[in-house]
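These protein sequence lines are chains F and S, in that order. Quick note, the first sequence lines up with residues 1 to 95 if you use my numbering. Quick note, the second sequence lines up with residues 1 to 461 if you use my numbering. A virtual CB, placed ideally from N, CA and C, is assigned to each residue, including glycine. Because the structure is a prediction, the values reported are computed rather than measured.
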Amino acid sequence: MAVTHDELVKLAKVSGLEFSDKEYTELIQAFKQKTELMEAMNAVDTSGIELRYEPINAEKDLREDVVRPSLPRDTALSGAAEKDSSAFLVPATVE
Amino acid sequence: MELAKLSLEQAIDKLNRKETTSVELTKAVIAQAKAAADLNALITVFEESALKAAVESDKARAAGKPLWSLAGVPVGVKDCICIEGTKLTCASKALENYISPYTATAAQKLIDAGAVIVAKANMDEFGAGNRNETSAFGRAKNPVDPTRVTSGGSATAVAAFQCYGGAGTDSGGGIRMAAAYCGLVGLKPTYGLISRHGVMAYSGSVDCVGPLTRTVADNAILLDVMAGHDPLDMTSAKQPKQEYYKNLKADVKGLKVGVVNGGCALAAAAGFKAGGATVSEIKFPYLDAALGAYVAITSAEAMSNLNRIDGIRYGLRQNGSGELEDVYFKSRTAGFGKAVKQTIMLGNYVLSKENLDKCFFKAKKIQKFLQQEFDKLFKQFDLIVSPTVDIEAPVAGEASNPTDAKYAVVASLAGIPAISVPCCNGPNGLPMGLQIMANKFNEQTLLNAALFFERAKEGVK
Numbered sequence: 001m002a003v004t005h006d007e008l009v010k011l012a013k014v015s016g017l018e019f020s021d022k023e024y025t026e027l028i029q030a031f032k033q034k035t036e037l038m039e040a041m042n043a044v045d046t047s048g049i050e051l052r053y054e055p056i057n058a059e060k061d062l063r064e065d066v067v068r069p070s071l072p073r074d075t076a077l078s079g080a081a082e083k084d085s086s087a088f089l090v091p092a093t094v095e
Numbered sequence: 001m002e003l004a005k006l007s008l009e010q011a012i013d014k015l016n017r018k019e020t021t022s023v024e025l026t027k028a029v030i031a032q033a034k035a036a037a038d039l040n041a042l043i044t045v046f047e048e049s050a051l052k053a054a055v056e057s058d059k060a061r062a063a064g065k066p067l068w069s070l071a072g073v074p075v076g077v078k079d080c081i082c083i084e085g086t087k088l089t090c091a092s093k094a095l096e097n098y099i100s101p102y103t104a105t106a107a108q109k110l111i112d113a114g115a116v117i118v119a120k121a122n123m124d125e126f127g128a129g130n131r132n133e134t135s136a137f138g139r140a141k142n143p144v145d146p147t148r149v150t151s152g153g154s155a156t157a158v159a160a161f162q163c164y165g166g167a168g169t170d171s172g173g174g175i176r177m178a179a180a181y182c183g184l185v186g187l188k189p190t191y192g193l194i195s196r197h198g199v200m201a202y203s204g205s206v207d208c209v210g211p212l213t214r215t216v217a218d219n220a221i222l223l224d225v226m227a228g229h230d231p232l233d234m235t236s237a238k239q240p241k242q243e244y245y246k247n248l249k250a251d252v253k254g255l256k257v258g259v260v261n262g263g264c265a266l267a268a269a270a271g272f273k274a275g276g277a278t279v280s281e282i283k284f285p286y287l288d289a290a291l292g293a294y295v296a297i298t299s300a301e302a303m304s305n306l307n308r309i310d311g312i313r314y315g316l317r318q319n320g321s322g323e324l325e326d327v328y329f330k331s332r333t334a335g336f337g338k339a340v341k342q343t344i345m346l347g348n349y350v351l352s353k354e355n356l357d358k359c360f361f362k363a364k365k366i367q368k369f370l371q372q373e374f375d376k377l378f379k380q381f382d383l384i385v386s387p388t389v390d391i392e393a394p395v396a397g398e399a400s401n402p403t404d405a406k407y408a409v410v411a412s413l414a415g416i417p418a419i420s421v422p423c424c425n426g427p428n429g430l431p432m433g434l435q436i437m438a439n440k441f442n443e444q445t446l447l448n449a450a451l452f453f454e455r456a457k458e459g460v461k
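What follows is the structure, given as structure tokens:
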């Protein structure tokens, strides 16, 4: 499962991250270690295992389908670097 | 005995006997935090608000008002657990100035029980790591030997008497490995026993909140407070309320104990025989596969969770060229550290079309397989024990070895409870831990066995 520089560049694009050449070299080494660990999964035959995992096999509550108060707008906006009185501000994406 | 060095149980007892006050206890642990600030256990210390809460607690006690179980006791919480109006950094530059808009259920339960929240503890950035070396605010040191790592500032703080107990989180050993490295008791409860509402998610299918303490009894006290169903967390289990502390007894009589991979764990577990348990060695040949599955699942889930950090709604914002896409890229690149970036990249790798089946789906099948294997094992055994981690706390700066967590991650993937109790000293005289695992929601059996082990070990001294 060795990863190439070009594959890492594509992954960086979907990850929303930028890397220097030195960092890409480090990433190749890090991926080598992690993909080797993942290869150990092949020692277990999972052919009869259902692709479904429930962390808890216990009764779960579904909440009532009723409107209830949510985070106040001011509070939701409080951590934004740029905002106005009612919305997050982002750079324009259409002209 | 110095006030700060009391156990949490002793501190409660002294408060109830009016032999001390919450203000005295709070001042004692804050003095410890200041004296050993170089351990870098804490990201934020709430000196003013903690002392104010302590004064109020003492007033309520003096007025004879009804008090809850933790009234006036200073505790710490990991800095990925929200407390309204205070900083929540997750040890990341990306959230350096983020203020929690609400309080996590687990923290609220501590507050409602009267605890004085004294500090937020250091951690690996967003949970990416198991040595607390990836924090943007510097590594937390091990108080037993500061040249060595811990696995979390919460453990450093509890071991260095900077609080009487802590609420940590454990995805693949965060609580248990920290406990083992620092000579503490750390419990990862059954998945879903303690609410994750308001806890910054790293890997949602394995993340658990749990207590880190200096004794087993202290652990039971904190578990009593934090456990319970929460309608705000869809993965919260609906279980009858337990009284772990009240029912705590050093008892392993009649229990069947299986030991994974022998060695020092087998020698330690042999002590259970004296209490009337039967002990036998079992083979569990899936540790390496489990570690691979853990890597695949946690990187995928962490990547997904961290997509929300984009510089728009909260957190560090870098505008770059001013284009929207550049805001995302520049904010995330500047905000995240190396380990987190590698986790995000790996997460996208395992979820890519080419690798989805052989990495992520394979890992989820192994998670299911492990759950089935433990179901079978718990038909034969009441407890399964192993080393928590089979090395002493590593020297800081040494290359990280993911296989350190191989014993811890199996319980995480299977969702079963596991506790680490101090077991023995390693070749350099540093503490090592014994991990005891039980079937889901059998925390009482686990705590009782841990108490038996703790008392037997004290008897040896």
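Terminal residues of the beta strand (DSSP E) in which residue i lies
i	result
THR477(S)	Since the first and last residues shown for chain S are 1 and 461, residue 477(S) lies out of range.
LEU383(S)	383-387
SER280(S)	278-282
GLN435(S)	431-438
CYS208(S)	208-213
LYS256(S)	256-260
VAL75(S)	74-78
ALA119(S)	116-121
N- and C-terminal bounds of the alpha helix (DSSP H) containing residue i
i	result
GLU95(F)	Where GLU95(F) is concerned, there is no enclosing alpha helix (DSSP H), given that its DSSP letter is neither H nor E.
GLU325(S)	324-335
ILE221(S)	216-226
ILE419(S)	Per DSSP, ILE419(S) belongs to no alpha helix (DSSP H); it is in the beta strand (DSSP E), 418-425.
VAL29(S)	22-35
ASP58(S)	47-62
VAL409(S)	406-414
ALA155(S)	153-159
LYS188(S)	Run containing LYS188(S): none in the alpha helix (DSSP H); it sits in the beta strand (DSSP E), 185-188.
GLY86(S)	Looking at the sequence itself, residue 86(S) is Thr, so the reference to Gly does not match. Run containing THR86(S): none; DSSP gives neither H nor E here.
From the options, residue whose alpha carbon lies closest to that of residue i
i	options	result
LYS379(S)	GLY335(S), ALA438(S), GLU24(S) and GLY433(S)	ALA438(S)
VAL209(S)	MET177(S), THR169(S) and GLY198(S)	THR169(S)
LYS120(S)	GLY152(S), SER299(S) and ARG148(S)	GLY152(S)
PHE137(S)	LEU351(S), SER420(S) and PHE336(S)	PHE336(S)
ARG196(S)	ILE221(S), ALA220(S) and ALA167(S)	ALA167(S)
ALA113(S)	LYS78(S), MET226(S) and ALA220(S)	MET226(S)
Where residue i falls, given that 16 or more other Cβ within 10 Å makes a residue buried
i	result
PHE356(S)	Reading off the sequence shown, one finds Leu at residue 356(S), where the question assumed Phe. So LEU356(S) counts as exposed.
SER47(F)	exposed
TYR202(S)	buried
VAL67(F)	exposed
HIS229(S)	buried
VAL460(S)	Reliability of the predicted coordinates at VAL460(S) is poor, the pLDDT of 46 falling under 50, and no value is obtained from them.
PRO69(F)	exposed
ALA92(F)	exposed
THR213(S)	buried
LEU413(S)	buried
ALA50(S)	buried
ALA12(F)	buried
GLN29(F)	exposed
TYR24(F)	exposed
GLU458(S)	exposed
Residue i vs residue j beta-carbon contact at 8 angstroms
i	j	result
SER135(S)	ALA179(S)	no
VAL149(S)	PRO387(S)	no
LYS256(S)	GLY275(S)	no
ALA104(S)	VAL199(S)	yes
CYS82(S)	SER100(S)	yes
ALA41(S)	THR156(S)	yes
MET432(S)	LEU27(F)	no
THR343(S)	SER280(S)	no
LEU248(S)	ALA220(S)	yes
LYS77(F)	PHE361(S)	Note that residue 77(F) corresponds to Leu in the displayed sequence, not to Lys. Not closer than 8 angstroms, so no.
ILE419(S)	LYS440(S)	no
Per-residue contacts from residue i into chain B (C-beta, under 7 angstroms)
i	result
LYS34(F)	The chain labelled as chain B is not found among the protein chains of the depicted structure, namely F and S.
Does the contact criterion of 3 or more C-beta pairs under 8 angstroms hold for the stretch 425-434 of chain S versus the stretch 302-316 of chain S?
no
May I ask you to verify whether the stretch 232-248 of chain S touches the stretch 185-192 of chain S, counting CB pairs closer than 8 angstroms and requiring at least 3?
yes
Are three or more beta carbon pairs between the stretch 360-373 of chain S and the stretch 282-292 of chain S nearer than 8 angstroms?
yes
Can we say the stretch 63-71 of chain F touches the stretch 80-94 of chain F, given the rule of at least three CB pairs closer than 8 angstroms?
no
Counting pairs of Cβ atoms below 8 angstroms between the stretch 267-274 of chain S and the stretch 307-320 of chain S, do you hit three or more?
no
For the 8 angstroms Cβ check, are there 3 or more pairs between the stretch 2-19 of chain F and the stretch 31-49 of chain F?
Yes, the stretch 2-19 of chain F touches the stretch 31-49 of chain F.
Taking 8 angstroms as the cut-off, does the stretch 29-44 of chain S touch the stretch 57-67 of chain S (at least 3 CB pairs, one atom from each stretch)?
no
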